[in-house]
Amino acid sequence: MEIAFAALVGVFLAVAVFLLLSRTLIRMLLGLAVLGNAVNLLIFTAGRLTRAVPPIVPEGATVPSAPFANPLPQALILTAIVIGFAMFAFLLVLAWRACQALETDDTGAMRLAEPEGGPHPPLSY
Amino acid sequence: MTALSTPIADWIVVLPVVLALLGAALLLMPMRSRLPLGGLAILVTAAICANDVLLFMRVFADGPLAMTMGKWLPPFGISFSADVMGAAFALAGAFVTLVVLFYLAVGEPRGDREQGLYPLILLLLAGISGAFLTGDLFNLYVWFEVMLIASFGLLAGGGRAIQLDATVKYGFLNFLATTLFLMALGLLYGLLGTLNMADIALSAPKAAPAAMAGIGALFLLAFGTKAAAFPVNTWLPASYHAPPAALSALLAGLLTKVGVYALLRTLVALLPGARETLEPAIAVIAIATMLLAPLGAIAETNLRRAIGFMVIGGIGIALSGLALPSQAGLAGATLYVFHAILTMTALYLVAGLAEKLTGETDSRRMGGLYAASAPVSILFLVAVLAASGVPPFLGFWPKLLLLQAGAGNAGLVGIALVVALLVNALLTLIAGTRLWAHIFWRQKPDRAVPPAVSAGLASVPAAILVAAIVLAGLWPDLPVAAANAAASGLIDPAQYIAAVGLGGAP
Chain A
286 MEIAFAALVG
296 VFLAVAVFLL
306 LSRTLIRMLL
316 GLAVLGNAVN
326 LLIFTAGRLT
336 RAVPPIVPEG
346 ATVPSAPFAN
356 PLPQALILTA
366 IVIGFAMFAF
376 LLVLAWRACQ
386 ALETDDTGAM
396 RLAEPEGGPH
406 PPLSY
Chain B
63 MTALSTPIAD
73 WIVVLPVVLA
83 LLGAALLLMP
93 MRSRLPLGGL
103 AILVTAAICA
113 NDVLLFMRVF
123 ADGPLAMTMG
133 KWLPPFGISF
143 SADVMGAAFA
153 LAGAFVTLVV
163 LFYLAVGEPR
173 GDREQGLYPL
183 ILLLLAGISG
193 AFLTGDLFNL
203 YVWFEVMLIA
213 SFGLLAGGGR
223 AIQLDATVKY
233 GFLNFLATTL
243 FLMALGLLYG
253 LLGTLNMADI
263 ALSAPKAAPA
273 AMAGIGALFL
283 LAFGTKAAAF
293 PVNTWLPASY
303 HAPPAALSAL
313 LAGLLTKVGV
323 YALLRTLVAL
333 LPGARETLEP
343 AIAVIAIATM
353 LLAPLGAIAE
363 TNLRRAIGFM
373 VIGGIGIALS
383 GLALPSQAGL
393 AGATLYVFHA
403 ILTMTALYLV
413 AGLAEKLTGE
423 TDSRRMGGLY
433 AASAPVSILF
443 LVAVLAASGV
453 PPFLGFWPKL
463 LLLQAGAGNA
473 GLVGIALVVA
483 LLVNALLTLI
493 AGTRLWAHIF
503 WRQKPDRAVP
513 PAVSAGLASV
523 PAAILVAAIV
533 LAGLWPDLPV
543 AAANAAASGL
553 IDPAQYIAAV
563 GLGGAP
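Chains as they are written, first to last, in this note's numbering: chain A, 286 to 410; chain B, 63 to 568.
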């Protein structure tokens with residue numbers, strides 16, 4: 286089971302890196318979204334996979350009985366999903382505004398902040 | 063569950079974050095009114111500053127201070143823990159935020175200010191205070207994201223095309239870095255079963271060294287990107303010059319330093335084994351950053367972009383302490399980060415003044431500003447000299463400590479780092495004084511004599527920072543003692559672990 290999940294994380298990561306290496310903003314955004322999911326799956330897998338044993342404390346006891354699913358990775362992933370979603374939403378709007386303002390979605394052509402063929406430094410002192 | 067609640071006096075560990083978050087929320091409410099939001103933000107930040115001073119004095123006198131949330135015992139509840147390093151950085155961060163808010167109040171014309179500016183600045187302060195004071199790695203990730211979203215808003219606010227372009231590059235690369243950090247966290251949790259920093263420091267030596275080194279490398283990549291170390295530094299010169307000068311000053315003072323802090327914390331205090339394995343790589347990164355960044359500053363003509371390259375060079379210096387983990391090396395790195403928070407903010411503030419007085423952003427079209435405003439030229443020169451580590455200023459002492467550490471290291475690493483540190487100082491000096499010569503000393507290209515202008519009150523905030531750099535450089539006993547305490551805390555985190563409430567019998 287772990288091996289299958291690890292392989293899945295690997296596939297997700299490969300897809301994410303491939304998309305992030307693209308020059309188009311939307312493809313890069315999709316890459317970030319896939320990368321976020323790869324990392325969430327990775328945390329889930331690293332927290333050990335225990336099937337169908339919810340971490341619920343039985344009545345009268347103070348700790349759940351021995352084999353139970355680890356709730357912490359799920360809490361971590363939940364936080365990461367929320368944060369990742371907020372970031373993704375912001376970057377999506379940003380990409381939209383940047384496309385409008387710069388009239389391109391090609392990061393190679395976005396050279397306003399870093400002008401291409403910049404001036405030579407002054408030779409004087 | 064623990065029956066003991068935290069004494070009220072210990073709440074100063076979380077108060078900086080609480081105050082900043084509450085202040086940000088409060089300032090969001092009257093956004094459309096005519097209330098003086100800047101004044102309110104200054105009040106909140108001054109309170110945070112005072113709190114950080116108390117926290118620093120307490121931690122410096124009595125050792126680390128910790129508090130665990132929600133009545134859970136330490137490794138399970140989220141801990142906040144301040145040691146000398148975290149408290150000193152939090153203090154410096156709150157101080158420069160206060161100065162920048164002051165600059166915004168006196169130096170920028172009112173009216174065209176975006177509505178969300180002050181809440182975002184306080185949110186950024188909450189993020190950096192949280193990052194410096196938290197004792198939990200996942201919590202550190204959350205504060206990184208708080209910082210990130212606030213800095214997105216500050217960079218893009220106003221929505222000029224150049225700002226959007228800068229924010230795209232800043233946003234994608236930094237979000238990628240925090241995602242890599244999250245990946246390292248997940249793997250670390252899988253290996254150790256804990257994310258509490260004190261608990262990690264206890265259990266890391268028992269884990270497989272090879273796996274730890276891999277996680278350490280991921281941390282190095284993630285935090286190296288946040289800190290703008292050499293091969294992953296490209297987001298910084300692409301973005302820091304786009305927003306108004308006051309905001310680039312704030313970002314330059316705070317963001318990259320949090321990356322260095324996280325590197326020092328994770329690699330030296332938590333995973334020392336991984337750091338040892340990675341030492342050659344860290345040394346190469348530090349040397350490359352130290353040598354290449356000032357060359358970028360020499361080649362660049364846009365004033366604030368050139369200063370951006372100087373910020374990157376400083377990161378190389380701080381990383382050289384990571385490669386020389388002796389008492390002197392770590393004290394040097396800590397003190398350097400503290401100094402860089404003040405100096406880089408001062409440099410950007412003075413650059414903002416120069417841009418305002420000349421109406422230009424390119425250093426080739428400026429000139430003759432010394433005749434127009436001598437005080438500004440003196441502020442810029444002092445800040446540049448401090449950044450390159452010339453003796454009377456604060457920047458000299460961390461370099462001295464680092465050179466000592468390099469000389470004390472018998473291996474090739476020590477020699478290489480000493481040479482790189484010296485060459486970096488020389489190159490930074492050349493870059494900085496060239497900028498000074500072109501902007502202040504040389505005539506304007508069209509030989510016009512600029513009219514005498516006064517920066518007036520707007521130069522006061524930069525003067526406060528420069529005065530702090532000079533005074534701390536002339537009386538360095540307290541900063542150096544604090545840096546030494548911070549370094550001992552990093553080398554032997556036993557006190558830190560005990561303060562969180564773990565350790566005991568190993």
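All C-beta atoms in this analysis are idealised placements derived from N, C-alpha and C, irrespective of residue type, glycine included.
Considering residue i, what are the terminal residues of the alpha helix (DSSP H) in which it resides?
i, result
"M131(B)", "Careful: M131(B) lies outside any alpha helix (DSSP H) and carries neither H nor E."
"S141(B)", "Where S141(B) is concerned, there is no enclosing alpha helix (DSSP H), although the beta strand (DSSP E) it sits in stretches over S141 to A144."
"Q466(B)", "F458 to G470"
"K319(B)", "A307 to L325"
"I374(B)", "L365 to A385"
"P541(B)", "D539 to I553"
"V300(A)", "E287 to L305"
"A279(B)", "P271 to A289"
"W297(B)", "W297 to S301"
"S439(B)", "A436 to S450"
What whole-angstrom Cβ distance do residue i and residue j have, given they're in contact under 8 Å?
i, j, result
"A331(A)", "G252(B)", "3 Å"
"V75(B)", "M129(B)", "5 Å"
"F122(B)", "V399(B)", "Not quite, the Cβ-Cβ distance comes to about 17 Å (not below 8 Å), so this is no contact."
Can you list the residues of chain A that residue i reaches, using a CB-CB cut of under 7 Å?
i, result
"M209(B)", "Ordered by position in chain A, no residue passes the 7 Å Cβ test against M209(B), which lies about 12 Å from the chain."
"Y432(B)", "What Y432(B) touches in chain A: nothing, since even the nearest Cβ is about 15 Å away."
"S141(B)", "Ordered by position in chain A, no residue passes the 7 Å Cβ test against S141(B), which lies about 15 Å from the chain."
"S382(B)", "The contacting residues do not exist; S382(B) stays about 27 Å from chain A at best."
Going by beta carbon distance, what residues of the same chain come within less than 8 Å of residue i, once the five residues before and after it are set aside?
i, result
"I262(B)", "L199, L250, L254, T256, L332 and L333"
"K231(B)", "T296, W297, A300 and S301"
"L536(B)", "P454"
State the DSSP-derived secondary structure class of residue i, mapped to helix, strand or coil.
i, result
"D227(B)", "helix"
"D424(B)", "strand"
"T351(B)", "helix"
"T330(A)", "helix"
"D391(A)", "strand"
"P406(A)", "coil"
"D124(B)", "helix"
"P69(B)", "coil"
"D174(B)", "Unreliable positioning characterises D174(B) in this predicted model, as indicated by a pLDDT of 46, which lies under 50. A coordinate reading is not provided."
"D508(B)", "coil"
"T196(B)", "strand"
"T328(B)", "helix"
"N486(B)", "helix"
"N236(B)", "helix"
"T309(A)", "strand"
"N258(B)", "strand"
Give every residue of the same chain whose Cβ lies closer than 7 Å to the Cβ of residue i, excluding the five residues on either side of it in the sequence, and list them in chain order.
i, result
"P352(A)", "T335 and V338"
"L202(B)", "A193, T196 and A324"
"A318(A)", "F373"
"R333(A)", "N355"
"A291(A)", "T330"
"T159(B)", "T107, I183, L187 and L312"
"A301(A)", "G316, V319, L320 and A323"
"I366(A)", "N325"
"L354(B)", "F292"
Taking C-beta pairs closer than 8 Å, name the residues in chain B that residue i reaches, listed in chain order.
i, result
"L317(A)", "F234, F237, L238 and T241"
"T364(A)", "F200 and V204"
"F375(A)", "I211, F214 and G233"
"M313(A)", "F234"
Leaving out five residues before and five after residue i in sequence, what residues of the same chain have Cβ atoms less than 6 Å from its Cβ?
i, result
"V80(B)", "none"
"D174(B)", "Per-residue confidence for D174(B) stands at a pLDDT of 46, beneath the threshold of 50, marking its modelled position as unreliable; no derived number is given."
"L489(B)", "P356"
"C384(A)", "D390"
"G393(A)", "R308"
Give the interface partners of residue i over in chain A, defined as CB-CB distance under 9 Å, in chain order.
i, result
"T420(B)", "Simply none; closest approach about 15 Å."
"I501(B)", "The contacting residues do not exist; I501(B) stays about 11 Å from chain A at best."
Mind pulling the chain B residues with CB within less than 9 Å of residue i?
i, result
"I328(A)", "L244, M245, L247, G248, L249, Y251 and G252"
"L387(A)", "A223, L226, D227 and V230"
List, in chain order, every chain B residue whose beta-carbon is nearer than 7 Å to that of residue i.
i, result
"A331(A)", "G248, L249, Y251 and G252"
"A371(A)", "I211"
"V324(A)", "T241, L244, M245 and G248"
"M395(A)", "D227 and V230"
Using a cut-off of 7 Å between C-beta atoms, extract the partners of residue i located in chain D.
i, result
"A228(B)", "No chain D appears in the structure shown, which is made up of the protein chains A and B."
Between residue i and the ligand GTP, is there a pair consisting of the residue's CB and a ligand heavy atom that are separated by less than 6 Å?
i, result
"G394(B)", "The ligand GTP is not among the ligands present in this structure, which contains no ligands whatsoever."
What residues from chain A crowd round residue i, counting only those whose CB sits closer than 8 Å?
i, result
"I360(B)", "P406"
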